[in-house]
Every structure is written in C-alpha cells, then in structure tokens.
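Some notes on the structure that comes next.
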Amino acid sequence: MAGGPRADPFSSGGIMTSSSFRAARRGSRRSAAARLLLAGLLAGTASAGLLAGSAGARAADASPVPLPVFARAAPGAGYGAGSPASFETDEYRRSWFLGKIGAAEAYAMGFTGRGITVAVIDTGLDTGHPEFAGRISPLLRSFDINEPPGFMSDLNQAGGIEGHGTHVAGIVGAARNGVGTQGVAYNATIIPLRAVEVADDGRNDPTVLALHYAAGTGAKVLNGSYGPNAVPPKYLDERDSSGRPLPNPRYVEMPTTLVRTQGLREEYEAVKAAAKADIVLVFSAGNDYFDQPLSAANPSGIGLFPFIRPGNHQSGAYRLVEAMGDPNDPATYVYADPNAPENAGLDFSDLQGSLIAVVATDRNNRIASYSNRCGVTFLWCLAAPGGDHVKPGEDANEVEILSTFPFSTYKTEVGTSMAAPVVAGGAAVLREAFPYMTARQIIEVILTTTDPIGPREIYGRGLFNLARAVRGPKEFGAEGFAPLFDVDTRGYDSAWSNDIVGTGGLVKRGAGNLVLSGANTYAGGTQVLGGVLTLAGSVASAVTVGNAGTLRGTGVVQAPLTVAGTLEPGMAAGGFGTLTVTGNATLLGSSTYRVDANAQGAHDRLAVGGTATLLGGTLDVVLADGLAPVGTPLEIVTAAGGAAGTFGTLRTNSVSAFLDPRLRYAGNAVTVSFERNAVPLSDAETSPDKKDVAAAIDALGAASPLDDALLRLDRASVDRALDLLSGEGHATAVTSAYGQGQLVQSSLLARLRQPLLGPALPRLAQGAGPGAGPGSFAAAYAADRPGAPVPPVAVAAAAPAAYALWGEGFGAWGRTRSDGNAASLATATGGFVLGADALLADGLRLGLAGGYASTAFDVDARLSSGSSEGVFGAVYGAGQWGALAVRLGGVATRHDFALTRSVSFPGFADALRASYGGTSLQGFGEVGYRLGLGALALEPFAGAALLRLDSDGFQERGGAAALVGFGRRFALGTTTLGVRAEARLGAELPVLVRGLLGWRHAYGDVAPEARLAFAGAGVPFTVAGAPVDRDALVAEAGLDWQAAAAVTLGVAYAGQIGTRAQEHALKGNLTWRF
1 MAGGPRADPF SSGGIMTSSS FRAARRGSRR SAAARLLLAG LLAGTASAGL
51 LAGSAGARAA DASPVPLPVF ARAAPGAGYG AGSPASFETD EYRRSWFLGK
101 IGAAEAYAMG FTGRGITVAV IDTGLDTGHP EFAGRISPLL RSFDINEPPG
151 FMSDLNQAGG IEGHGTHVAG IVGAARNGVG TQGVAYNATI IPLRAVEVAD
201 DGRNDPTVLA LHYAAGTGAK VLNGSYGPNA VPPKYLDERD SSGRPLPNPR
251 YVEMPTTLVR TQGLREEYEA VKAAAKADIV LVFSAGNDYF DQPLSAANPS
301 GIGLFPFIRP GNHQSGAYRL VEAMGDPNDP ATYVYADPNA PENAGLDFSD
351 LQGSLIAVVA TDRNNRIASY SNRCGVTFLW CLAAPGGDHV KPGEDANEVE
401 ILSTFPFSTY KTEVGTSMAA PVVAGGAAVL REAFPYMTAR QIIEVILTTT
451 DPIGPREIYG RGLFNLARAV RGPKEFGAEG FAPLFDVDTR GYDSAWSNDI
501 VGTGGLVKRG AGNLVLSGAN TYAGGTQVLG GVLTLAGSVA SAVTVGNAGT
551 LRGTGVVQAP LTVAGTLEPG MAAGGFGTLT VTGNATLLGS STYRVDANAQ
601 GAHDRLAVGG TATLLGGTLD VVLADGLAPV GTPLEIVTAA GGAAGTFGTL
651 RTNSVSAFLD PRLRYAGNAV TVSFERNAVP LSDAETSPDK KDVAAAIDAL
701 GAASPLDDAL LRLDRASVDR ALDLLSGEGH ATAVTSAYGQ GQLVQSSLLA
751 RLRQPLLGPA LPRLAQGAGP GAGPGSFAAA YAADRPGAPV PPVAVAAAAP
801 AAYALWGEGF GAWGRTRSDG NAASLATATG GFVLGADALL ADGLRLGLAG
851 GYASTAFDVD ARLSSGSSEG VFGAVYGAGQ WGALAVRLGG VATRHDFALT
901 RSVSFPGFAD ALRASYGGTS LQGFGEVGYR LGLGALALEP FAGAALLRLD
951 SDGFQERGGA AALVGFGRRF ALGTTTLGVR AEARLGAELP VLVRGLLGWR
1001 HAYGDVAPEA RLAFAGAGVP FTVAGAPVDR DALVAEAGLD WQAAAAVTLG
1051 VAYAGQIGTR AQEHALKGNL TWRF
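For the sequence shown, position 447 matches number 447 in the UniProt record's numbering, and the numbering has no gaps at all.
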C-alpha cells in the first residue's frame, strides 16, 4: 500500500497499529494537527517558521524557496575553546534546546559525538544539505518498495517535500559551522533509514525492516520519531467550505490506551534485535493529547512496549485491538480477550532498560500542549525540549525547534518528534564519552541524571540533562534498574564526577582506570574486580578489591575496606598520596600493597581510622628511579585502632647494593626503611684509581650528602658517579700544559733550524756541482766549447745580516682517547711567539723570545672543561760548524688553570669551579748533521727536552662534591730522532720547501696524577689524567718565501700521532733581517 502524509494532519490518533493500517495511518510525530487547528482558529497568526512555502510543495517548486539568512561567525570565533561559554555561539543559541540540556558542558569536556553512528528511522534525508557534509554513512537505505535500496531523499510519494526526517536528523547532528542550527552531536555520523510514509508491500512494515537492518549497521544510537495516529481522531480529513476541518461525528474520548495486535510481535522482535545489537533506542512518546487526552496519559507506539505484559493487560491498563473497521468509528473496533492464550503470552517486559520514551517540553520546561505523558512508562520515560505552538506575539524561532529542512534550508517544527532526537543526540555524545558502557548502561545514566521538573506520571524521570550525564552515573539501584551497576571499562580510562547516590552499588571490571571524584553516598558497596578504580572523592559504603583489581587514590573510604588485589595510595602509579579508610582495613594474604616513594622520603600511606589487619600479603615498595631514601623511616600504614599481623613478602625495586630494606611494626604504625649494609662503595668501582675516591667518600660517613646519594645507586651508576666525583679534569689539565709546552718548543726549534745566513741560494745547496766546494759554484763561459771541463768559480757570499726579528702564530687541535682509566681529552690551542736574535760570530746565533699560549680542553665523559693559559719567556741559540749544527733553548712559563665540573647523577647534582696557577721550566737541545745531495739537502738529527711543571694548590667552589687540590710537581722528558730535508723549488723561485719526520719517546710523568681530597675532613686520594703517548710519530712540512732581500714569510704544518693521542698544528711566521 502506498503511504504518504495525510491531507488532513488532524488525523493524528492514539492507537498502536500494524501492517497495512500502519502504512496508511503512521504519521510522523510532529504536532502538525494542533498547529493547523490554531492556524485556522487564529486566522493564520501562527508562524510558518523561517521559510516561506508549503510542506506540500513539489521538488520542482523548491528552488525559489528563500533561504534564511544567518550571520556567520567570524573564523575561529568560539571554536575549539575549552570553556562551556566558548561554545555558546549564535548558532548554539538559535538551537535553544542545546542550552536546556547543558550541551556546552559536554563540548567543553571534548565530547561531541565524534566516531558515533546514529541511525534515524524516518521519512528520509536531504543528503545534499551542507549541515551533514562528510557525515552521512554509506549504509543509508530506503525501504520504499518503489525505490532502490541505496536511494535517499526526503520527498513524499507525490514528489513534494516531506522534510520530517531531515528536520529530525538536524537536531541529532547538524554541523557546528556558524550557519543555521547545530545538532546535539554535531560530529556524529548519520545513517538515514527511509521507512516512514513510504510505499510498502502490504505485508512487511518498512519500519520493522529498518529496525532489523539497523541492528547490523554498527549504529550505537537509533532515533525513532514515528508512531501510530490517535484514534478515533477529533477531526476528519475533510474540510468545510471555509476550509475548517470537519469534526468527527463518531468521536469518542477513549478511556485507555489502545494497542493493535496485528504485526505487534514482529515489531517487538525487531526492537529486540536492535536492543541485542547494543543500540541505545530512543522513541518519541506521541502527539496525541489534542485528539485523545486520556489515552495520551501514556506513550503510544514502541515507547509503551516494556509495559506490555500479561498482568497489565488483564488489569485493563491498556486494551488490545484485533481489528478496526473504520478508524474514525470506535464502534467498529474489535477488542481482544485478555485471557485468551495468544494474548496472555504477550510479554515485552524484557525491553525495559533497552529503550527510552521521550515526551516534549516547551521553552519553560512545561509539558507541551500536544505531547503524550509518561504515565505508566515513567521508569523509562523522560522529557526533552520539543517546543510548542507559537502564539500571537511570539517568535517561532524562540518557542519552536529550528532545524534543517530539504533543499539546504531550515524550518521550525514542534513535537515529540523533535524531543526524541535531542535525547538521541545526547546519547551519541555519551557513547563517545563512555565507549565502554553498554547501551543499557548509557540508558541508565541518561535516566538517572535528569532534572526533576514535575510529577513522574507526566515527566517520568525528569528533564534530560546532558551536562550531568556526561559526568557519569548519578544513582545506583534506582527504581527499575539492577541493584549493581556492573561495568567493564574494557581498557578505557574514564572519570565519573557526579555525587552518586542510591541503594545500589558498583562493580568495576576489565582493564582501564575509572576515577570517582564525587562525594558518593550509594549504599550498595564497591567491588573492584578488574583494572584500576581511583578514588579521588569518597564512598560511604564498603569497598572490596578482588584479586585482579587495584584500588588507587587519595580519597576516603567511609566504611570497611577489604583488599585481595592491589592497593595503591596516590592518584597515579609513581605519585604520592594518602588513602584514608575511616573504618577497618583488611589486607588479605593475596593482596599487594604498593607504596611509591622517592629518594627524598616522600611516600604513599594508608591511614586507617579503625583496625588495620595484615594477613601475610605482599608489600611492594616502588622507588622513583630505584633510589631509596637513606635511613628515613617511611610510615606506610597508620591505624588509630592498631595494626595487627604482618606482611608475608617485602619487594622493592631499590637498585642499591649498599642498602637493605627493613620493616618495623610498632603498635599503630608500620614503617619501612633502607639501611646501610656492609658492602663498601669501592666494590662498585672498576678502576683502581676510583677505588681511592670511593674509599674517601666512605670515610665521609653517613652525614655526608655524597655518601647518601651514592648509597642509593646501582653498581654501574656508582662507577659512573665516582668518575664524575674524582676531579680527573685537574690531572688532565697538566696533560694540556704538556702539549702547550711542546708547541712553544717546536716554534723555537723551527726558528733555530732556519738557514743561519740569508744567501741567494739555500745554504744547503751551496757547493753544488761537480768539483764545487763551499763558497764556490760550477760555472761556464758562453764562449766555451760544449762538453769542455768547467772549473769551479769562486763566488764571494753576500754579507750576512747580523740581526733578525721574527714572529710566529700557531693554532693546534688535539685529541687523546681514553686509556680505560682516564677519559678522552679534546684540546684546542692558540698562541704566538715573538723573538729577536743576533749573529755573534760566523755560524753562532743567540736570541730571546716571549709569547702567550692558551689551551681549551674538554673531558666530556667527566662533564669537565677548562683552560690553561701560559705567558712565557725563552732564550735560544744555535751554532754551526761546517755540516754540524747544535741548537739549544730554555723556556719559563707562568700558567693559569681554570676548570669547571658538573657532577650529576640520580639524586644528586653539583656545579664546581676552580682557578689556580702554576709554573714550568723547559730545556731542550738538538744536534743535526747536514748532507748535501745536489738540489736536496738532508739533516739527520737527535733531540732531547725536559719539562718540569709545578701546580699550585686550590679549593673548588661548589657544594658537597667540591675538592681540595694539593700542589704537585710533574716532570716530562722526551727524546726525538729524525731527519729534516729542504730544497728550493726552482733556480729562479725564492721558495724553500722543508719537511721533517721523526720519532719521539716520552719519559717520566706521562700520566699526570692529581692529589685531591673532598673539602672538609676528606681523606686524600690520587687520580690520573689523560696520558701522553710514550711513543709518537712527529712530522712537519713548510714553505718559506723570501719576499724581499731581508724579509721571509713562512707557513708550516706540525703534527704528532701516537697510539691514543694526536695533535695537528698550523703555523705562520715572519722574519726580518737587518
């Protein structure tokens, strides 16, 4: 039978119908009947909403319909903010029903229905409406037999606008986009199921098919704003000549609710299938009050189903109608025998708790003039804003419900059809907020968090309050519900902040953390059987923690506590707090009492007002980073009535090898402490040097914060800490001074190795040529016959310059790898030398020099860095007797050392600084013998040097790790064997190339040691720094350019490479002879 909107909307009635009758008479539950009556009586004073045009307009007529004009919010205005006020935009206020339910409170908590799918069984949906963009499920379906299943619209059979489904869907989930209106769950996804006012086959009710289909879609919420018409109607479909509806001459006010038996079981089974699919089912209660005020005392349609049971039928609370000849004439109704077997078995009571019936209220929270009442369904019925008919002088937008309408428009409507999606949208928000709750639990939360606004026979549980519901349950064991709220959090973390009341109790199962922060007075107790229950508020009844459960928190149990699982005071694992029990507390043998503590002595505590009974459970002391408080008793249990029994096992994650836990039971308290054992700190040290450091710290005793800090650590951490505490950088500073001295020595020797005279040709090249000797060169005349012997020609050498001024700048970079004891060292040195020398006699030169050098060094592994600055003076000289050359020098240096150290390990940190001085004396010498090989000259040489360094004493500035250093003397000797070469690049090019390759061996204090002690009464200890390689390759290469007769410029590279250390230097020099 083809169905469609009735021409006369006054036909809304109060009978539960089925099959073919339902297809013809099932009207959408907006209160159009009374509204049109008012329009007729008041001569059209009722507003038609924000749109011009008729609901009967065809699709072809839709385009000229004017769109309402809304001011769009400024980009970002009020969006994404975290306070309720930030969500109360103009769009929000136009949807005034949102404020009535406190939706902004839920939004501010981050819940908007995102990820939740809502099935809407209705007349269809305008899928092109921008309010639903991107949020329409591909599972949409039409149940009109004349349409493909994937087709969707919101037009009636004649092609005109129906619009009811679009309006309802907009209340559920219109977008929050600054335009038009906003739905309750504005981020939810809609599945439109077109099954109301559609063509059917006369056998299968489309809404029944839609319910079964919805059960398989994964929808979490279903809205059904449909139901039977009231019968008999007060007015007929016909109108008189003036257009007024004709009264029904057979109208009778029915004394009770009528329920049609045809198709009733099929509809029940469909509802049951949807409930079994864990869908929150929300149905409108009906708009029958105008036609049948007595039968409208209860909801009609599915909202009445849970009341259908044999006893209620036999008592006359409703009447079953088997047949109906003329719906307008009650004389044609055939009533069923309540005692007949087929009727006595009708029992739909198992649906109680699976669905919600919704009556409508106006803007003043009064029952709407058209709305059915909750009546006998008060246990599963509540009220929600559905608006009421506009009266003269009123603005429809302020009293009716504005929502979406086909062709991307908006319109106002009123009815329980508008009230139900307010609740359905709220249910979607709650399913996001509490994804672990079942549909029945969401329904229980909705029905027990309402605002009482009047008699329950009218308003049922009260007015829907989303702001309260989103904070979790408000009552356990409420009438109509099980005495225990048994919830499995399924791995989700959640928070309930309402003050929960009631005679019932709570059972918490499954993984996840549930936080109770209210002042809870429910009387049925709390059972924690799985996961974590965190008590941030209080509970007034007994708490039991099962073997798989954990009780955590800083709240108050105002009743006995029994723990078979885990007890963890504090709001989170690793946090500290006190859990208070005003009654007795019993920790069973299977229990674990976890106490979090840190090195400073902060810890968890169980404070019992009665008696604390310990029956051999486990005490698990969990230390932050495994670091124990040394010698500080932790009072972990206090009991005003006394503590009886003991723990059977003590566990701790203390990493210390030097502390042992001790439990003490003393009357009203239980304490645990970590006390020193006999293991010395030196047992943890792998380096022999650092064992002295460990012994020095041990000698400081328990009063030292250093001793306390180290005792908490594991062996590896103690080893690392002792490295940092050792002051190794002070010894390594001496190594850096060694390197600085060698650079100065290298610069002076480089000067002494220059040719003692400044001839036009290199001195090493004099005497070149067959038969030539010193002071002569092979020569020929141009007229000589080719191949004739050429006798040597004596050439007088140029007169040598008697004096020279010279300078050299250098920069060097070095790195010494660890030897397994001292850490790696990185150095960077810069400096200069200025000198003057004079030729005292042929082949004999003497000079003076001075300069400055600065070395920055880093010992990263010891968190140390420093500098060594030196100001020096030198005397040097060289003599040449034929091919034999002797070079000697001496250097005196004043050193300034500065070192910064950071000592940081778990439980301790200190920053330390020291500045001190020192002096060094260095002597060196070298003997070489020159060999002329044509254009190339070689000089094998041997050298030796001795450096003595005296460092001053010092005291570091800092905290407990500060050291005192004792003055020490260091001596380093070296010998060097090598060969030097030089050659001129060409006869006409005044550039000299020189190089050196040698082997250097070191003696004496190659691994300098510092003598240190901890400030105060510390025992002295010795620590070695980065060593100098005993054997190293030395190499030099350079170019000298005679820029003028008296000026020479040079650049050079010098380096030394050993097994662990290497240094590379670049130099530049200038010499002026006169």
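From the three backbone atoms N, C-alpha and C, an ideal C-beta is built for every residue, glycine too.
- Around the beta carbon of residue 1074, fewer than 16 other beta carbons sit within 10 angstroms, so the residue counts as exposed.
- Residue 253 sits exposed, since fewer than 16 C-beta atoms from the chains shown fall within 10 Å of its C-beta.
- Per DSSP, residue 198 lies in no beta strand (DSSP E) segment and is marked neither H nor E.
- Bridge pairing for residue 381: 357 [DSSP].
- DSSP lists no beta-bridge partner residue for residue 278.
- The C-alpha of residue 611 is placed about 19 Å away from the C-alpha of residue 663.
- Apart from the 5 residues on each side of it in sequence, residue 515 sits with its Cβ closer than 6 Å to the Cβ of 495, 534, 536 in its chain, given in chain order.
- DSSP, read as helix, strand or coil, puts residue 476 in coil.
- One thing to note: residue 899 has its Cβ within 8 Å of the Cβ of residue 729.
- When DSSP states are grouped into helix, strand and coil, residue 725 belongs to the helix group.
- In this structure, the alpha-carbon of residue 646 lies about 35 Å from that of residue 698.
- With 16 or more other Cβ atoms from the protein chains shown falling within 10 Å of its own Cβ, residue 806 counts as buried.
- When the five nearest sequence neighbours on each side are left out, the beta carbons in the same chain lying within less than 7 Å of the beta carbon of residue 213 are those of 141, 193, in order along the chain.
- Around the beta carbon of residue 339, fewer than 16 other beta carbons lie within 10 angstroms, which makes this residue exposed.
- Taken through DSSP and simplified to helix, strand or coil, residue 292 comes out as coil.
- With contacts defined by Cβ atoms closer than 8 Å, residue 846 and residue 840 form a contacting pair.
- Assigned with DSSP and collapsed to three states, residue 391 falls in coil, not helix or strand.
- Its chain contains 715, 718, 719 as the residues whose beta carbon lies nearer than 6 Å to that of residue 684, once the 5 sequence neighbours on both sides are disregarded; these appear in chain order.
- When the five nearest sequence neighbours on each side are left out, the beta carbons in the same chain lying within less than 7 Å of the beta carbon of residue 866 are those of 729, 733, 857, 897, 898, 899, 900, in order along the chain.
- If the five residues before and after residue 886 are omitted, its C-beta is found closer than 6 Å to the C-beta atoms of 879, 927, all from its own chain and listed in chain order.
- In this structure, 859 is the residue among 833, 859, 853 with its C-alpha nearest to the C-alpha of residue 823.
- Here the alpha carbons of residue 344 and residue 560 stand approximately 48 Å from one another.
- Residue range 456 to 459 is occupied by the alpha helix (DSSP H) that includes residue 456.
- Positions of the alpha helix (DSSP H) runs, each at least 4 residues long and wholly inside the segment 672 to 720, are given as 688 to 700, 705 to 711 in order along the chain.
- Counting other Cβ atoms within 10 Å of its Cβ, residue 881 stays below 16 and is therefore classed as exposed.
- Residue 311 carries a helical assignment under DSSP once its states are collapsed to helix, strand and coil.
- Counting C-beta pairs closer than 8 Å gives fewer than three between the segment 735 to 748 and the segment 903 to 917, which falls short of the contact rule.
- Within the same chain, Cβ atoms closer than 6 Å to the Cβ of residue 902 are found at 863, 911, the five residues on either side in sequence being excluded.
- For residue 432, the enclosing alpha helix (DSSP H) stretches over residues 416 to 433.
- When rounded, the separation of the alpha-carbon atoms in residue 463 and residue 381 is 10 Å.
- The criterion of a C-beta distance shorter than 8 Å is satisfied by residue 172 and residue 421.
- For residue 399, the uninterrupted alpha helix (DSSP H) segment begins and ends at 396 to 399.
- Of the residues assessed, residue 391 falls on the exposed side of the cut-off, its CB having fewer than 16 other CB atoms within 10 angstroms.
- In this structure, the CA atom of residue 122 is about 14 Å from the CA atom of residue 281.
- When only Cα atoms are considered, residue 833 and residue 707 end up about 49 Å apart.
- Taking 8 Å as the cut-off, the Cβ atoms of residue 267 and residue 374 do not count as close.
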